[in-house]
Each structure stands twice: as C-alpha cells, then as structure tokens.
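Take a look at the structure below.
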Amino acid sequence: MSAPLIEMQNVSKDYRGVFAVRNVDFNLHAGEIHALLGENGAGKSTLTKMIAGVTQRSEGEILLDGKSINFATPAEALDNGIAMVFQETSLVPSMTVAQNLYLGEEKLFNRLRGLYIAAQQFLSSLNFNVDPWANVSMLGAAQKQLVEIARAVRLNARVIIFDEPTATLTPEEKHYFFSLIERLRKRGVSIVFISHALEEALAISDRITILRDGELVASDTTDKFDRDSIIGHMVGRSLSDELFYHKHSEDGARKPGKKVLSVENLSMGSMVRNTSFSLYEGQVTGLFGLIGSGRTETAKIIAGVLKRNFFHGGELRYLGKSVRYRQPHKAVMDGIVYVTEDRKAEGFFDQMSIAENIYMGDIVTNPPPGGLTTAGAQQKITEEWSKLLQIRAINPNAKIVELSGGNQQKVVIAKSLTQKPKLVIFDEPTRGVDVGAIAEIHKVIQSLADSGIAVLVISSYLPEILVISDRILVSRLGRVVEEFSPSDATEEKIMYAAVH
Amino acid sequence: MTETAARKATGPAWPRLGLTQETIVFFIAIAFFAVFAVTLPGFMASDNLLSLLQNVSVLGILGVAMGIVVIGRGIDLAMVATMAMSTAWTISLMNAGTDAVSAVLLGLGFAAVIGIVMGILIAYVEIPAIFATLAMSTVIYGFGRLALVDLDVIYVPEDADWLRAISGSVSGVPLPVIWFGLVALLAYAFLRFTRRGRYIYAMGDNYEAARITGIPVRPMTVLQYLLSSVIAFGAGIITASLLATVNIRVAQSTMVYDVILVVVLGGIGLSGGKGGVRNVIVGTVLIGILLNGMTIMDLSFTLQNLVKGAVLLVAIIVDSFVNPRDEQTAQQGDI
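For the record, the sequence lines run as chains A and U. Residues in the first sequence are numbered consecutively from 2, following this note's numbering. Residues in the second sequence are numbered consecutively from 987, following this note's numbering.
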C-alpha cells in the first residue's frame, strides 16, 4: 500500500489534564472509506477535529502528504483540501439552501436565478431531494444534514470527514448517501466517517479504526472484523448477546394493564394527522417511525411540550379524563414525563452539577418542606438514582457536561424518574449513547414496566424497538398505521409498514 | 494525571488558582481602594467612607433586584422608571394628605402591578424581555407623569419623620447600608435555599429543559419581575429619604445601565443561570469605590462614564484569559 495521505503519529489531546485522545497513530490512505468507531467519549470526534483544524493537538505529529501540519482554523484545513461535516449543523438558518451552499463565495452582485439553478443541478446530481429555495430553518434535521454534506462535496475536498452522517437520515437517504461516498471514493477522495451504526460501517468501509477511552485499540481492513469483534473492541467485553440479538419472548410479552392514555384522532398541522392509539400500564410500547412521521410531535403534544396554538384537534384521555395540556408543568404534576431526544438543547442544565440536575426533577413534583431545598435531600436522591441507573461519576457535584453522553442521558432519565411518573415517554433514549449504557438504559426501561408504569419508547433503531417492546406501533406520515406483537414482528415487516 | 500534563493543558500556572470574574473584580476593587487611600486626601476619612457606603446602597439594592431577573435570563430595563414613579406617587399622595400607610401601600401596589404586567407580557405574550421592559419603562414614565404626579421634582413632606428615619443611622452605621445587607441576605437565602430560587437558575440555564422538567416557567417569570419591581420601590423610598426629594427625571437617566454594569461586572452572565448575590455585592463595592474616588478627584460626568466602561471591558478581558473559552465550553453555548 502506498504512503498514507494523512498520518497521525503519537497524537494526544488533553483538556486541562483530561485526555480526550492519547498517543494515537492513525493513518488515512488516498481513496479509502475509513470508519471510525467507538463508544461515546472514546475520542472519535476529537481525533477528527484535530485533522480538520477545529481543535489543535497537545502532542504528536500530523502529516499530510508527508509534511507536518497544524491547522489553526477549519478554513485553513479547507484550503488544504480537508472538509468536515459536523453532527450539529453549521448552516445559517435564516438563509436558503442555495445561499448556504454557496456561502462565502458570493460575488458583489449575485445572479440569484443562476445561483438557484446551479444549486438545483448540483443537488440533483447528488440525488438529494432538497429544495434550493427552502429556508434552512424550515428543514428537518435530515435535510439539513444533506445540505451540509452537499456543501462539503461541492468544495472539492480531498478528505471529507463525516461525524455521524447517517444518524438522522431515512433508509432511502442513507442509500443515496452511501452511493455518493462510493462515487467520491472513485474520484480519489478519502472519507472518514464516525458512526454508531456498526452494520453500516461493516457494509461500506474499507478500513475500520476503533477507539476506546481515547486510545486506539484496533485498526485494520474491514474484512478482518465482524459485529461481535467490533463491539468487543469498543467496550472491551462482548456485549452483543446482552444487547440486540436476543428476543425477550421466552417469557412472552407483558400483558397490558389498565389503559392509561388514549389518543383519539389527534391532529396538528401537517406533522400529526388524525392519529389514534392507546398506552397501558405495565407495558413497554415501542413506537417506530421514520423522520417526519410525527412521532416526536405526537409525544410532545401528549406531554404538553408543544404549544397550544399548534394544536388542531382530537382528544387525549389520560386515566379516563379528557386532558389538554398547554404547558408541561400540568402534565408532569399529573404524572406524564417526557424524556427528550435532544438532551443538550432541552434535557439537562449544563451549568449545574449532576446532583442538582437530578434534584431539580424531584423538587417540582415533591415540594420539600417549607419550599426549602437541602443539601442532604439532594445528596440522598442523587445517591439513590445514581445506583439505580448506574450513573458513573467520580463526584456527584461535578458539572454534568463533564460526563459522557451515556451518563448524561442517565442523569436526564433520573431527573424525570424522580418525579414518580405514571407514564414515561422516552424519545430516542439511546441516541448518541455508548453501547454499554444502552444495555443499562434498556434495563431501566424494562424495570419501569415491571413496576406497573406505562412506558412509550420512540426509536428509529429497529433492533432497539424489537428487543424492548411488549407491543410495537408503527407511525407513518403523521399517524399510527400498524400494530405488531413482538412475537410476529420482524425488521422487514416493521420497515414495510413505516416506509411510504 | 501527572501535574506536568495538567500544566501543559492550561498554560501558565496561575489559572489553577481558581480565579473567577468575581475574585478578579474583588481584587481590582481592593487595588482601587488602596490607591485611593494613599493618593486621595480625605478618602480614608470616616465621613467619606460612610457616605461611600450610603451612596452605593441604593445601587446595590437595585443590583440585587436586577440580579434575580438576569439569573433567570431576563432583564428589567424599566426598573429605574418603576422606582421613580411608584415612589413619586407615594410621596405626592402624602403631600396631598393621604395617610402614610395607604400612600406606601398604593405605591407598593403600583410597583407590583407593573411587575406583574411585565411578567405577563414576557411569559404569556412571549415578548422578549428587553423590548417588553424598554417599552414599559416609557409607558410607566408617561403614565405616571400624566396621571399620578404633577411635578418633576417632589419634596418629601416636612412632617414625614418616619421617612427621614429610614436613612438615619444606628450606632454609626447608616441605615441604607443595613437595608442593602438585609435585601442581599434575603435574596441570597431565596436564591440559594428555596425551591423557587433553584427554578430561577434552571430557567436561566436552559429554559426549554426547565419547561420540560415541569417547572411552572410562566408564573415563575412573573414572580421575577414582581420581585424586581417591589425591590425597586423599596430602593426608591430609601432614595427619597436620603435626598428628601424624588426627581422623576431619573427614569430617563442612564442609571439603569449602572445597575446592569454592577450585575455584569460582578460576574452574573447576561446569558443567565450563573452567579448570585455575592457577585452583586462585589460589583457594587467596586463601582462604589470608583465613583467615590472620581467624585473626590472632581472628574466630569463624561469622564466618569468612560472610566466605568473601561473597567467593565478590563474585567471581561481578564475573565476571558482566566476562563478560556475552549472548544468544549463553546459547544455548550457559553457566551
């Protein structure tokens, strides 16, 4: 094999003494698709950000074509042909798709028509179904991701780094994305892609590198790996049996208890269309749907998170009473909690400690005597829930932002569970969570149902839906269209019901 | 983790001291104090020190009120207008022969209504706080001038001894300082030890998360502006007592920016969720020392404003050196 295009030698990055990446040797060859895998907090993003000039290394050497580089800004990296597509979108929300695509290249007088025609042609050449006239703020997460990818491709980079490119894409869009990177490779572009989806990595990559706790644990051609060995490298133990590839139907699905919530003909704009379903005590109901199927919106209407003026019609009956929550406060007091899919934006309080985050949930539904908070109560409830959810933190008074994604998610879950809910809605409970924490979060969800609580789990990850649900609902274009029992559900059947 | 590795990551050793904006400002204040004490004749005179304390007390009380709002990611630009008009109404009612208790209750009620109206505009109508309070400050001034008071300068009635007594002194300590201490202590206890105090931090930290957690964010917003308006009324009464007059033109002065300066200087970030009463006290002390020193030096008003602005800039610059915004804090949306 020829000399690598990018060679990292003994590279480390530390944040005030905490190593995010330590002594890594990473090679990227010209024209290869290189998958970078690892649990959350393993250092994948940091490693690639050092290549793309987003952060700077603390120690070691990075060589590009044999010459040492140290880019101070992403712009400098881009000039040298290295582009990075981020998980969090870096588009300008108030501009149109076309304007975003050509951002930074405007002439003094832009021919708008020409701009849009060029954008349209370019997007269709990639098979991306995005309207160049659309305002970016109006796009869904998946479409934003497509624009982001298109922008990197357009800049003719030699190296493109994708940070979780497929997390928000539908299967169809994923298919186009994979054929796109295949074409890019043929043009000699090197691709690094960070992913949690192991099957994808195995299917499309040429080489796989696995990081654990900031260190490189394995790097080889893809044919040397299989699913189990990757998971083994990622977590240092073999977890796959515990995880997705068993069905819990030996003892059968749980029988439904009392009806807790019924949704009748609920509608809201174009996102939720006349949907109806029910949730029962002591059962985990899985709700599967592709992006844009109105899953999150339905959940947010139930929990009062979405504002009333978007509420178009239908009825919610909770514990036999008709309810219409306008703020989450009332819903939480009545025992409905919503665990968000976006913990950073609406899950935790980033300037507070782990303990303060957990205690915040408790004091809402369980007012302390005299309205006075106490350190003792905070400590007690934190200890209790840290143990139940296996939150691994050295110090409960550390800030929550110092935790890994999985532990942050557990804190957000703990905050909601302290509120003694009767109905818990989990929206993508394991998104951006490492493999070890996924199993633990699944265990918590099961134990909630065992204790008689009604649980709704929204997920776009089929193996997750199959393994944790006692009942599976499939949502398509804003309404629940099908229901399966786990014993006769298969990935194929569910996907068939979900696609349109 | 080795000590050397930790050093390498943060550069020089001094950031390890745990300096925050609060402590930096505190040290700057001490430095100013020392310099003034040596160079300015009469600065260390006990009369001057007492008047220094007395003069900053009102600013400090307003700072505490502003702090409560800013921690909850709001801002109250109408605070000085509320203070001036509610107090002016109370005093002119007294001048017109209303008994003191009713006059005070009416003034207090007026301030409370202003606070509730602002809170409703911000929480329920969802107008950004900066616009709602800016507009309200003009409305309050205009309404007060039209309907409540006839003159721009209202004198405290001769027979209102109780009002004069508010700014008296107890065994040498000026009472306004004690009021400031009391307000600060109550606010500290409220923010630190009560459930609702925590709600305010949570709302300033992450409003959406606070909502989803089930915090009654709308009533809590109203409570914040209610508190700030009521405290502003108290500050107004103390001012009236100190000066024996109420000058409602203060509503149109830059005083509200001094209050914001105190809050920001002390280290309560305008992005919310950060800081506490201690920060207000530190900010107040620095501004107090600075204003007093500059008055003794007989600097012009314009020059004083320039100095205040420069001090704020220095504090922010030093803070950005000591607490560098690295990529990780940037990801969390640190401002």
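Note that beta-carbon positions come from the ideal geometry of N, C-alpha and C, so glycine has one too. On a predicted model such as this, the values are computed, not experimentally measured, just so you know.
With fewer than 16 other beta carbons inside 10 angstroms of its own, residue 1088 (chain U) counts as exposed. No Cβ of chain A is located within less than 8 Å of the beta carbon of residue 1015 (chain U).
The closest CA to that of residue 127 (chain A), considering only A:13, A:486, A:154, A:441, is found on A:154.
Of the candidates U:1062, U:1232, U:1243, the residue whose Cα lies closest to the Cα of residue 1120 (chain U) is U:1062.
For residue 35 (chain A), the closest alpha carbon among the candidates A:220, A:255, A:488 is that of A:220. Taking each of U:1032, U:1047, U:1038 in turn and checking the Cα distance to residue 1265 (chain U), the smallest one comes out for U:1047. DSSP places residue 176 (chain A) inside the alpha helix (DSSP H), whose first and last residues are 172–187. Here residue 386 (chain A) is buried. Its C-beta has 16 or more other C-beta atoms within 10 Å. For residue 455 (chain A), the enclosing beta strand (DSSP E) starts and ends at 455–460. Among the residues facing chain A, residue 1186 (chain U) is not included, as its CB has no counterpart in that chain under 8 Å away.
Per DSSP, reduced to three states, the secondary structure at residue 1192 (chain U) is coil, with no helix or strand assignment. In the displayed model, residue 26 (chain A) falls within a strand according to three-state DSSP. The beta carbon of residue 1144 (chain U) sits no closer than 8 Å to any beta carbon of chain A. Excluding its 5 nearest sequence neighbours in each direction, residue 177 (chain A) has C-beta neighbours in its own chain below 6 Å: 128, listed in chain order. A contact is defined here as three or more CB-CB pairs under 8 Å, and the segment 1031–1048 of chain U fails this definition with respect to the segment 1256–1265 of chain U. For residue 1081 (chain U), the nearest beta carbon of chain A is not closer than 8 Å to its own beta carbon.
For residue 346 (chain A), the closest Cβ of chain U is nearer than 8 Å.
In this structure residue 1165 (chain U) is in contact with residue 1043 (chain U), their Cβ atoms being roughly 7 Å apart against a cut-off of 8 Å.
Here residue 380 (chain A) carries a helix assignment [DSSP, helix/strand/coil]. Scanning its chain for C-beta atoms nearer than 7 Å, with the 5 sequence neighbours on each side dropped, one finds around residue 331 (chain A) the residues 305, in chain order. Shown here, residue 480 (chain A) sits in a strand according to DSSP, grouped into three states. Per DSSP, the beta bridge partners of residue 428 (chain A) are A:459. Contact of residue 326 (chain A) with chain U is not assigned, every C-beta pair being separated by 8 Å or more.
Straight across, the Cα-Cα distance linking residue 490 (chain A) with residue 481 (chain A) is about 16 Å.
Within the same chain, and ignoring the five residues on either side of residue 147 (chain A) in sequence, the residues whose Cβ sits closer than 6 Å to its Cβ are 129, 131.
By the neighbour-count criterion, in which a residue is buried when 16 or more other Cβ atoms sit within 10 angstroms of its Cβ, residue 1296 (chain U) is exposed. The contact set of residue 418 (chain A) on chain U, defined by CB atoms closer than 8 Å, is empty, because the minimum CB distance reaches about 12 Å.
Interface annotation, residue 373 (chain A): in contact with chain U, CB-CB separation under 8 Å. Taking 8 Å as the threshold, the shortest C-beta distance from residue 370 (chain A) to chain U does not fall below it. The beta-carbon of residue 362 (chain A) is placed less than 8 Å from the nearest beta-carbon of chain U. For residue 219 (chain A), no alpha helix (DSSP H) encloses it; the enclosing beta strand (DSSP E) starts and ends at 216–222.
At a cut-off of 8 Å between beta carbons, residue 329 (chain A) contacts chain U. Taking 8 Å as the cut-off, the beta carbon of residue 213 (chain A) is found closer than this to the beta carbon of residue 234 (chain A). Ranked by Cα distance from residue 1023 (chain U), the options U:1118, U:1091, U:1138, U:1283 are led by U:1283. Using beta-carbon distances, residue 436 (chain A) does not count as an interface residue toward chain U, since no partner is under 8 Å. Apart from the 5 residues on each side of it in sequence, residue 215 (chain A) sits with its Cβ closer than 6 Å to the Cβ of 20, 21, 22, 23, 44 in its chain, given in chain order.
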